[in-house]
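Have a look at the structure below, then the notes.
In this note's numbering, the protein residues as written are 3 to 485.
Rendered as structure tokens:
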């Protein structure tokens, strides 16, 4: 063999060896990473090769799967009443991934969850039949909230105070996830560029200033601390109240309201800013923050199981800023979920049951894989005495105060209105809030709700928690309490 042939043979052999080494490396070291790559088309082909499991509301599937035509993805996700339940389900798309419950339980719904595999499936690496997600959502309460919000931009949440079950999660304007399940790029662009942000879950993932609804937290802190012995004791509250170290007087919306030195009951009834701003300063930011955190503020891992954005009570403030937090302004923010939790804890005699909107997960045969109703945590937020006093004061708000639009025949209702400033120097339309609870007079049914109306067609002068948000809360509470 001459030298040229020998060198060529050695070079060729080295190339073959290099290819073998590379193939071995890819197969044994990079294989899993390639398989898990979100851009790997084979993953989507496998995921949508069979019908997905379903998300269940009150025994009925609100999702489904339909065969596609002219695609290597055999099935696509479908939705029943997609716009009604979008804030619960999220979407599952062949192109754009999955969100909300669809994303959290993707492995269960497509059959790759290890909990679904039989011993034989494990040996053969066969994909199991998909499982289902059973929610806590009450379709009547969900529909009542959705219809009552109508064309308003806003959100609503309802919770069973005794169990922590989330009965409704609504965000408007909404969207139909079916529009993007097959990867329609025009629909995706339209939705993602819509200035009204229909794909934003305002109920869980858009914290905004809670305004006067936060006064419930301040009142709870004052009673727990012993600053005032009960809701009917007179407070030390000049009217108007000058913010500390400033020349700014804090006015009340109702200038004729009896807010000077008003009791907590009267201050909630008329939503007296001077009382709660002064109360926040008297308590100090540390005590107020501690009470807010008991209700769930500043919790960065609030999973229901969808991760809710953190509701914030701030730190490191001067006294004037602390005063403003007492009326739910400055840097205080809250989601409707958070404010529903406040009312739920008060209604449940001071005990907050961790809110959740999934009751169970099951396999294809209906066998329960996990029961979330059995794994909820309960913590005491305030004493039962404090909670009962706040219940009484909230009832006064609805019976004789700023929340009369939430009254329900045959039920005991307590609530708190809120109108939060929006924009620099309150230059934009304020946010209208209402949080409340209702207990049936003839059964053991009860519910706690929070409603936020971010924007509506109402004139600015007509924007109020009682005018815009309370009627939505009333519709939800009626639906939850009906026999």
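In this text, a Cβ means the ideal position worked out from N, Cα and C, and glycines have one as well. Fair warning: this is a prediction, and the values are worked out from it, not measured in the lab.
Whole angstroms is fine: what's the gap from residue 278's alpha carbon to residue 465's? 22 Å
Among 248, 185, 377, 451, whose alpha-carbon lies nearest the alpha-carbon of residue 480? 451
Less than 8 Å between the C-beta atoms of residue 350 and residue 419, yes or no? no
Enumerate in chain order the residues of its own chain whose CB-to-CB distance from residue 180 is below 8 Å, with the five nearest sequence positions on each side excluded. 79, 80, 81, 84
Kindly list the residues whose CB is nearer than 8 Å to the CB of residue 272, restricted to its own chain and excluding five residues on each side of it in sequence; keep chain order. 254, 256, 259, 260, 261, 264, 403, 404
Nearest residue (CA-CA) to residue 98, options 164, 308, 182: 182
With residue 170 and residue 144 assumed to form a contact (beta carbons below 8 Å), what rounded beta-carbon distance in angstroms separates them? 4 Å
Looking only at its chain, what residues have a beta carbon closer than 6 Å to the beta carbon of residue 299, apart from the 5 residues adjacent to it on each side? 313, 315
Do residue 238 and residue 289 count as a contact pair if the criterion is CB distance below 8 Å? no
In its own chain, which residues sit with a C-beta less than 8 Å from the C-beta of residue 379, not counting the 5 before and 5 after it? 355, 356
Classify residue 117 as buried or exposed, calling it buried when 16 or more other Cβ atoms lie within 10 Å of its own Cβ. exposed
Is it buried or exposed for residue 37, if we count other Cβ within 10 angstroms and need 16 for buried? Because residue 37 sits at a pLDDT of 47, beneath the cut-off of 50, its placement in the model cannot be relied upon, and the following sentence gives the value as read from the coordinates. With fewer than 16 Cβ atoms within 10 Å of its Cβ, residue 37 is classed as exposed.
Name the two residues that bound the continuous alpha helix (DSSP H) containing residue 321. 321-327
Straight-line CA distance for residue 306 to residue 21? 50 Å
Would you please state the rounded distance, in angstroms, between the beta carbons of residue 414 and residue 443? I believe it to be under 8 Å. 6 Å
Bridge partners for residue 414 per DSSP, in chain order? 441
Would the beta-carbon of residue 79 be found less than 7 Å away from any heavy atom of the ligand ATP? You won't find the ligand ATP in this model; it holds no ligand whatsoever.
Beta-ladder partner(s) of residue 420, from DSSP: 435
Taking DSSP as the reference, what is the three-state secondary structure of residue 255? coil
Buried or exposed, going by whether 16 or more other CB atoms sit within 10 Å of the CB of residue 267? buried
Is residue 199 helix, strand or coil when you go by DSSP? coil
Helix, strand or coil at residue 65 [DSSP, three-state]: strand
Please confirm if the region 57-68 is in contact with the region 159-166, defined as three or more CB-CB distances below 8 Å between the two stretches. no
Please confirm whether residue 270 and residue 227 have their CB atoms less than 8 Å apart. no
Relative to the alpha-carbon of residue 54, which residue among 7, 447, 133 has its alpha-carbon at the smallest distance? 133
With distances taken between CB atoms, is the gap from residue 416 to residue 393 smaller than 8 Å? yes
Going by the DSSP bridge assignment, what does residue 106 pair with across the sheet? Looking at the DSSP assignment, residue 106 forms no beta bridge with any residue, so it has no partner.
Residues bridged to residue 243 [DSSP beta-bridge criterion]: 252
Roughly how many angstroms lie between the CA atoms of residue 484 and residue 252, to the nearest whole one? 42 Å
Would you say residue 206 and residue 311 are within 8 Å of each other, going by their C-beta atoms? yes
Note the first and the last residue of the continuous beta strand (DSSP E) segment covering residue 79. 77-81
Using three-state DSSP, classify residue 262 as helix, strand or coil. coil
Where does residue 235 land, buried or exposed, given buried means 16+ other C-beta within 10 angstroms? exposed
Please report the straight-line C-alpha distance between residue 248 and residue 322, rounded to a whole angstrom. 7 Å
Going by DSSP in three states, residue 469 sits in which element: helix, strand or coil? helix
Coarse secondary structure for residue 305, derived from DSSP in three states: strand
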